[in-house]
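There are 2 protein chains.
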Amino acid sequence: MRRLSTLFATDFASAVGDLGLRQVLFGILSIVGGNPGINQGEVGKALGIQRANMVSLVNELVDRELLDRRVAAEDRRAFELRLTAAGERCVDEAIGRIRQHEDKLLSDLSPPERAKLIQLLSRIGASGG
Amino acid sequence: MRRLSTLFATDFASAVGDLGLRQVLFGILSIVGGNPGINQGEVGKALGIQRANMVSLVNELVDRELLDRRVAAEDRRAFELRLTAAGERCVDEAIGRIRQHEDKLLSDLSPPERAKLIQLLSRIGASGG
DNA sequence: TATTGTTATACTCTATAACTATA
DNA sequence: TATAGTTATAGAGTATAACAATA
Numbered sequence: 001m002r003r004l005s006t007l008f009a010t011d012f013a014s015a016v017g018d019l020g021l022r023q024v025l026f027g028i029l030s031i032v033g034g035n036p037g038i039n040q041g042e043v044g045k046a047l048g049i050q051r052a053n054m055v056s057l058v059n060e061l062v063d064r065e066l067l068d069r070r071v072a073a074e075d076r077r078a079f080e081l082r083l084t085a086a087g088e089r090c091v092d093e094a095i096g097r098i099r100q101h102e103d104k105l106l107s108d109l110s111p112p113e114r115a116k117l118i119q120l121l122s123r124i125g126a127s128g129g
Numbered sequence: 001m002r003r004l005s006t007l008f009a010t011d012f013a014s015a016v017g018d019l020g021l022r023q024v025l026f027g028i029l030s031i032v033g034g035n036p037g038i039n040q041g042e043v044g045k046a047l048g049i050q051r052a053n054m055v056s057l058v059n060e061l062v063d064r065e066l067l068d069r070r071v072a073a074e075d076r077r078a079f080e081l082r083l084t085a086a087g088e089r090c091v092d093e094a095i096g097r098i099r100q101h102e103d104k105l106l107s108d109l110s111p112p113e114r115a116k117l118i119q120l121l122s123r124i125g126a127s128g129g
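Listed in order, the protein sequences are those of chains L and E.
In terms of UniProt numbering, the first sequence opens at residue 1 and continues consecutively.
In terms of UniProt numbering, the second sequence opens at residue 1 and continues consecutively.
Now the structure itself:
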């Protein structure tokens, strides 16, 4: 499991590496994409990232104009995050590449086998973990 | 895959945490256990650990008297590593606990499902990865 | 008083280069 | 010259505490 996770991580890097996206950054973009206007802190909670460590990550994405960060109208302590147009393009591009690479990675399994694998994996830790 | 790997890692920690064994240390002990007299550098290669980083890890295990480290007779540059009696007990104890925890983690799957899962996982990355 | 984001800081893990002693 | 282990060091990633602004 650990070995495969490393394999997927390496694969992720080679898939989106030239986009300059690390796994964490992609995680942030994709959470924000699915929840426009979400708070910085909530994104961190969703990904298990400390508030303190979110700062530089979000800074990086804002500097690269992939994220739009605004003071929230209802709570002026908080920041609302949204994808910019470039951010959306970036996420779409990354998702496409990741799919391609995963298909290659799973090429030894037939489609029904892949479905079975995903079904089994999704049931692990559903109750206890 | 990444989420599950984290789950297994966390589980590992809670299983053997009070033995003071991190995943790397367990890895080293179990490689040495299976290959008594193996070189320090070879253990590193097997686990993907840089030579430089092996030093303090092996020091730690020797200090805790889980590993026995001797200059190799045939090549006096190298160190031969072996488990001490305490080291063997430690590995056995850890393996037992890890099995228990993994059983709990996989408790939502029937025995044939577990076998199927392991079979599918083992086929990923076998060719290309 | 509690919470959001920030800063500073420390600790672990990992990676690289230069050193020693053997080969 | 090449290799095994060592040392020093630098860079990520992650964790905690203290602070300002706001609630």
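Backbone N, C-alpha and C define an ideal beta-carbon position, used for all residues, glycine too.
Inter-residue CB distance, residue i and residue j (contact presumed, cutoff 8 Å)
| i | j | result |
| --- | --- | --- |
| leucine 121/L | leucine 66/L | So it is not a contact: roughly 30 Å between Cβ atoms. |
| alanine 86/L | valine 16/L | Not a contact, Cβ separation roughly 15 Å. |
| phenylalanine 79/E | glutamine 50/E | At roughly 16 Å, the Cβ-Cβ gap does not stay under 8 Å, so phenylalanine 79/E and glutamine 50/E are not in contact. |
| glycine 37/E | arginine 89/E | Their Cβ separation, rounded to whole angstroms, is 19 Å, which puts glycine 37/E and arginine 89/E out of contact at 8 Å. |
| arginine 123/E | leucine 109/L | 6 Å |
| valine 55/E | valine 43/E | Actually they are not in contact, since the Cβ atoms of valine 55/E and valine 43/E sit about 12 Å apart, beyond 8 Å. |
| phenylalanine 12/E | isoleucine 98/E | 6 Å |
7 Å Cβ cut-off: residues of chain L touching residue i
| i | result |
| --- | --- |
| arginine 123/E | Asp108, Leu109 |
Where residue i sits in the DSSP three-state scheme
| i | result |
| --- | --- |
| aspartate 75/E | coil |
| glutamate 102/L | helix |
| asparagine 35/L | coil |
| leucine 21/E | coil |
| aspartate 68/E | strand |
| glycine 27/E | helix |
| glycine 129/L | A caution first: glycine 129/L carries a pLDDT of 42, below 50, which makes its placement in the model unreliable, though a value can still be read off. The answer is coil: DSSP assigns glycine 129/L none of H, G, I, E or B. |
| leucine 121/E | helix |
CB contact check: residue i to chain E, cutoff 9 Å
| i | result |
| --- | --- |
| leucine 105/L | yes |
| leucine 7/L | yes |
Proximal residues of chain E, C-beta to C-beta of residue i below 8 Å
| i | result |
| --- | --- |
| lysine 116/L | Lys116, Leu120 |
Any chain L beta carbon closer than 9 Å to residue i
| i | result |
| --- | --- |
| glutamate 93/E | no |
| serine 14/E | no |
| aspartate 18/E | no |
Contacts that residue i makes with chain E (C-beta to C-beta distance below 7 Å)
| i | result |
| --- | --- |
| glutamate 113/L | Leu120 |
Identity of the residues DSSP links to residue i by a beta bridge
| i | result |
| --- | --- |
| glutamate 80/E | Asn39/E, Arg70/E |
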